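Report on the following structure.
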Amino acid sequence: MRDDGVIFISIDDNEQANLKLLCDEIFGEDNFVANIIWHSKNKPSGNTTENKTIDTRTEHILCYQKSYFLANKYENTKDELKEKGYILKDEFFKTRGYYKLTPLMRSCSASSFKYIESLDYEVKAPDGTIFKNHQNIKKPKSYCYTWSKKLFDFGNANGFIEIQKTSDGFWCIYRKMYEFCAIDNKKLEIVYRKSGNAYNNLITGI
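Residues 1 to 206, numbered by the UniProt record's numbering, are exactly what the sequence shown covers, in order.
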């Protein structure tokens, strides 16, 4: 794929979540653009009984861009950044801009995002204690981290991770999504944008 390239991958609902996880590892989670859901057929195939309430005749198209930056060409105003949640500042503000936090985990289910043991690793908290995903204490194997341990270690060493306590006293991992930079998940390096805006799920000018 060219540096300014975009890829569209069609998949049915059965494997959409697993494909999303795989593509996040290959292209980088920050390079995810959109999950486009489309009405793929007029009638159910085979002996399937048509559901009058929920339409299951759909497929997913996952869209990824090669570069976190090249698909975003327009400046964001401060109000637009605020609307998108980019309101936090840290010691990297001059080079990375504002950032927002998002939990480094998601829930698992047997039919979609399956539990993967390697994505349920131990992490050292700011106070020196070792902890695992607190959601799995309440209900084992119900959550996974969205970054591999290798990617987490790189992000943590380079200021992309924030570990905070929840209201009920458990440690929780958040990743920082910056206005002007991101991690190339495949190369494990920080990529900076020369100019432009924070992450946007709309590609224009193709």
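We treat Cβ as the ideally placed atom computed from N, Cα and C, and that holds for glycine. Since this is a predicted model, take the numbers as computed values, not measurements.
Reduced DSSP secondary structure (H/G/I, E/B, other) of residue i
i	result
Cys181	strand
Phe152	helix
Ser142	coil
Glu50	Bear in mind that a pLDDT of 48 at Glu50, under 50, signals an unreliable position, so the model cannot answer this.
Arg96	helix
Leu21	helix
Asn35	strand
Ser118	helix
Lys186	coil
Leu104	coil
Buried/exposed call for residue i, threshold 16 Cβ in 10 Å
i	result
Asn35	exposed
Leu22	exposed
Lys124	exposed
Ile37	exposed
Glu179	buried
Residue closest to residue i, alpha-carbon to alpha-carbon, out of the options
i	options	result
Leu104	Leu151, Asp90 and Asn31	Leu151
Lys139	Lys20, Arg193, Ser109 and Ile26	Ser109
Lys187	Glu25, Ile9 and Asp12	Glu25
Lys141	Glu162, Ile161 and Glu117	Glu117
Thr58	Gln65, Lys94, Gly97 and Ile11	Ile11
Glu189	Met177, Asp168 and Asn158	Asn158
Leu62	Phe32, Met177, Phe154 and Asp79	Phe32
Ala17	Ser167, Lys149, Gln135 and Ser107	Ser107
Spatial neighbours of residue i in its chain, beta-carbon cut-off 8 angstroms, leaving aside the 5 residues before and after
i	result
Tyr145	Leu104, Met105, Leu119, Asp120, Tyr121, Asn133, Phe152 and Ile173
Lys165	Trp171 and Cys172
Glu29	Thr146, Trp147 and Asn185
Beta-carbon separation (whole angstroms), residue i vs residue j, contact threshold 8 angstroms
i	j	result
Ile9	Leu19	7 angstroms
Thr129	Arg175	The Cβ separation is near 20 angstroms, so there is no contact.
Met177	Lys100	5 angstroms
Contact set for residue i: own chain, Cβ-Cβ below 7 angstroms, skip 5 residues either direction
i	result
Tyr98	Leu81, Tyr86, Ile87, Leu88, Lys89 and Glu179
Pro126	Ile163
Gly155	Trp147, Ile161, Arg175 and Ile183
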